[in-house]
DNA sequence: TTGACAATTCAACAAGCGATGAATTTAAAT
DNA sequence: ATTTAAATTCATCGCTTGTTGAATTGTCAA
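Protein chains in written order, with our numbering: chain A, 135 to 368; chain B, 135 to 368.
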């Protein structure tokens, strides 16, 4: 199931060898175009489902340029995954800080914590930048993979977990850490699948619900998860 | 990230050409060995991460035999996925029927419905047959894939969804179908990741929780999900 | 103006890919 | 006994894979 080559890609390599004139550079830099195309293709087909040639074609770039910019394939994958992880972590952390200061001196509620965790993803998906939608699918792929998950999720998201779990501890006094971690895990799974946008719910609900209706997904998800936390960790 | 070839596989091809003597047949038939190995490898590396040669080696058969038994690669994948889907569907349906008859004439509770949905998976994973553990990871892979999900999940699991949603409708009178489907989707995501057994929770909880502690995962998951349903669909 | 460096294409590499036709051996049916 | 069919290995096909070295063209500082 390797991706089709799509010879009629919008961005083609110039065909001329050597460094290009600085005046006819494309609006999006080539390095960034590679990352964007990689993000989309990896999200859809997984690491092994994408060949460097397909990727090069989609990005409108020569194959060799990928290695020039990002080194071997595995390193490219890590770079793609890392790029938005940083941003997402910042967004979530600042959302949590804001919730804390709004609630002070009271402890912030479970609902608000979960909102701080989920809203940045919803905002990202709702945004113009379609790269975020691709990244969410990539996140679902990595999160559910026994090969990549242990490597990349731990590397780029473990610190964030600590902060949110600490907040949840205060919101749910008397709860056991073990319970919190398990609930966090359920939240992570529900979120992954939901924002992976696979079109599954559309078919399963006979068209009643729509995968790309992030508002609908989001509105229900916060109370759903929060109620779960309260029941198990209460 | 193609799988390593593992030349020292336990089951080797005999090396002798032609149909084997019926008295020195292996205890597990070759066709079944192929399916088992495929299940394990596809679950770990995804469709494109597994080559027929790696698979043949793991199953201890010649490459050509895979095609002989199961046709092209895609068809093999479908067969692997289908095999246990049938069984799982039966188990879940009969668990639901039993819950219904136990509750009669009252309507069965949300908790019991979710238990009927989850317990068969837990029993499967807890069983001796390690193939079930692999299948759960495969289910997570397919469920979260935008390529395979729409094809295989709908094909093999949509009927089951209808039955369970119908039961949930009665357990949650006055609820909107849209709400039920979204909650069902959250449940599906939480379940996928949890039973995919990626080792993620082990690292995230600094060793406090263990991925393979299915009992722990299961005990908390039912109240978690049920509380979510009640809050959103109540 | 020269020389170092950056950015790009091209061509090739060895290895590996899925698939299949032919040959071979045995089992089962007649 | 013969024939037919099933189960297996082997060799090979044409293509694709990730990676790299060499050549080319442009920029920019000395």
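No residue lacks a Cβ here, since even glycine has one placed at the ideal position from N, Cα and C.
Check, Outcome
"Residue 165 of chain A beta carbon less than 7 Å from that of residue 203 of chain A", "yes"
"Cutoff 7 Å: residue 326 of chain A Cβ touching any chain B Cβ", "yes"
"Residue ranges of each alpha helix (DSSP H) within the stretch 288 to 317 of chain B, 4 or longer", "288 to 305"
"Chain B contacts from the stretch 287 to 302 of chain A (Cβ-Cβ distance under 7 Å)", "287, 288, 292, 295"
"Beta-carbon contacts of residue 242 of chain B that lie in its chain and below 7 Å, excluding the five residues immediately before and after", "233, 234, 301, 305"
"Beta-carbon separation (whole angstroms), residue 318 of chain A vs residue 295 of chain A, contact threshold 8 Å", "7 Å"
"Chain A residues whose Cβ lies nearer than 8 Å to that of residue 266 of chain B", "None at all; the shortest Cβ gap to chain A is about 15 Å."
"Simplified DSSP state of residue 239 of chain A, which is helix, strand or coil", "coil"
"Residue 203 of chain A at chain B interface by Cβ criterion, 7 Å", "no"
"7 Å Cβ cut-off: residues of chain A touching residue 307 of chain B", "The premise fails here: residue 307 of chain B is roughly 18 Å from chain A at the closest Cβ pair, so nothing lies under 7 Å."
"Every unbroken alpha helix (DSSP H) inside the stretch 254 to 293 of chain B [4 residues or more]", "265 to 277"
"Simplified DSSP state of residue 331 of chain B, which is helix, strand or coil", "coil"
"Rounded C-alpha distance that separates residue 219 of chain B from residue 291 of chain B", "8 Å"
"With 16 other Cβ atoms within 10 Å as the buried cut-off, status of residue 425 of chain B", "With chain B represented from 135 up to 368, any question about residue 425 of chain B goes unanswered, as that position is not in the structure."
"Residue 343 of chain A in three-state terms, based on DSSP", "coil"
"Cut-off 7 Å between Cβ atoms - residues of its own chain near residue 225 of chain A, not counting five sequence neighbours on either side", "254"
"Residue span of the alpha helix (DSSP H) that contains residue 165 of chain A, given as start and end", "164 to 179"
"Proximity below 7 Å, CB of residue 339 of chain B to CB of residue 315 of chain A", "yes"
"The stretch 274 to 287 of chain A: positions lying closer than 8 Å to chain B by Cβ", "274, 275, 277, 278, 279, 280, 281, 283, 284, 287"
"Stretch pair the stretch 181 to 188 of chain B + the stretch 170 to 186 of chain A: three plus CB contacts closer than 8 Å", "yes"
"The alpha helix (DSSP H) enclosing residue 362 of chain B, as first and last residue numbers", "348 to 367"
"Own chain partners of residue 176 of chain B with C-beta closer than 7 Å, once the 5 adjacent residues on each side are dropped", "184, 211, 214, 272"
"Nearest residue (CA-CA) to residue 450 of chain B, options B/174, B/222, B/153", "In this structure chain B extends from 135 to 368, so residue 450 of chain B is not present and cannot be described."
"Contact test: residue 282 of chain B Cβ vs the ligand HEM heavy atom, cutoff 6 Å", "The ligand HEM is absent from the structure shown, which contains no ligand whatsoever."
"Rounded C-alpha distance that separates residue 352 of chain B from residue 252 of chain B", "8 Å"
"Nearest to residue 261 of chain A (by Cα), restricted to the options A/359, A/169, A/357, A/348", "A/348"
"Chain-ordered chain B contacts of residue 359 of chain A [CB-CB under 7 Å]", "362"
"Length of the line joining the Cα atoms of residue 237 of chain A and residue 355 of chain A", "21 Å"
"Closer than 7 Å to chain B by CB, residue 137 of chain A", "With a pLDDT of only 44 at residue 137 of chain A, under 50, the local geometry of the prediction cannot be trusted, and the value read off the model is given with reservation. So, not an interface residue."
"is_contact[residue 319 of chain A, chain B] using C-beta, thresh 7 Å", "yes"
"Neighbourhood of residue 259 of chain B by C-beta, 8 Å cutoff - its chain only, sequence neighbours within 5 removed", "266, 267, 270, 329, 331, 348"
"Neighbouring residues, chain A, relative to residue 178 of chain B (Cβ below 8 Å)", "280, 281"
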